[in-house]
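*Asks:* Please find one structure pasted underneath; my questions will follow.
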Amino acid sequence: AQSVTQLDSQVPVFEEAPVELRCNYSSSVSVYLFWYVQYPNQGLQLLLKYLSGSTLVKGINGFEAEFNKSQTSFHLRKPSVHISDTAEYFCAVSVTGFQKLVFGTGTRLLVSP
Amino acid sequence: DSGVTQTPKHLITATGQRVTLRCSPRSGDLSVYWYQQSLDQGLQFLIQYYNGEERAKGNILERFSAQQFPDLHSELNLSSLELGDSALYFCASSVATGETQYFGPGTRLLVL
């Protein structure tokens, strides 16, 4: 079975600073990896996904993530955050495309002025 | 706006009761997924339907059931409700299995 670990439950950061949200996964087979964002009182929105090919994936809103197979990681990064990036971020894994997503526990990004 | 609609937005009910949550997928999407988000369990996949047929099952309790109708909308039925069923229930849809899942705004269920 697959699992996802998001070690940081909360990450406080100042506006315009860079941020990295960590995600590690566990799987005995090849995986697809995703980052979703959940703004307050809203559903989940796909930020980016890794299916195959280039290990550096660019997503929406200036976010990017790098797939590292040897470290089984898929960390999310943004070089300069905005107040509007304050949200909950979920890393997810699937081994059958998008059929069944297994989510991490989420990381709350708190951006302050 | 993802194009996925869910009704109702909020639902308050009592233990032992039964409720039905409704989801309308994006236009053209054949696959519907249900997820439960709770404080203690996090985000969990419940069940998936594709064009009316059940395709995948996750951590869905026997007290819960779902179906997808010919017009592709889906309903999640929760019965014999317990306090622990209080959660946010999300529906997502995709064109087909293996494609990007688009999430609805969720239905917040409170069982008293």
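Chains as they are written, first to last, in the working numbering: chain A, 26 to 138; chain B, 85 to 196. Using N, Cα and C, we set each Cβ at its ideal position, and we do this for glycine too. Treat the numbers as computed from the prediction; the structure is a model and nothing was measured.
1. Taking only beta carbons into account, state which residues of the segment 177-188 of chain B come closer than 8 Å to chain A, listed in chain order.
2. Would residue 86 (chain B) count as contacting chain A if we go by Cβ distances under 8 Å?
3. Can the beta-carbon of residue 165 (chain B) be found closer than 8 Å to that of residue 99 (chain B)?
4. DSSP puts residue 96 (chain B) in a beta bridge; with which residues?
5. Taking buried to mean at least 16 other C-beta atoms within 10 Å of its own C-beta, is residue 109 (chain B) buried or exposed?
6. What first and last residue would you give for the beta strand (DSSP E) that runs through residue 150 (chain B)?
7. Going by beta-carbon coordinates alone, are residue 126 (chain B) and residue 30 (chain A) separated by less than 8 Å?
8. Let me check one thing: in DSSP terms, what residues is residue 138 (chain A) bridge-paired to?
9. Using the C-alpha atoms, what's the distance from residue 46 (chain A) back to residue 83 (chain A)?
10. Taking a contact to mean a Cβ-Cβ separation below 8 Å, would you say residue 52 (chain A) touches residue 120 (chain A) in this structure?
11. Are at least three pairs of beta-carbons, each pair with one atom in the segment 31-46 of chain A and one in the segment 103-113 of chain A, less than 8 Å apart?
12. Output needed for residue 35 (chain A): all residues of its chain with C-beta closer than 6 Å, excluding positions within five of it in sequence on either side, in chain order.
*Replies:* According to the structure shown:
1. 178, 181, 182, 183, 184, 185, 186, 187 and 188
2. By this cut-off, residue 86 (chain B) is an interface position.
3. yes
4. Here residue 96 (chain B) is bridged, per DSSP, to B:194.
5. buried
6. 148-152
7. no
8. Its beta-bridge partners do not exist; DSSP assigns none.
9. 15 Å
10. yes
11. Segments in contact, yes.
12. 133
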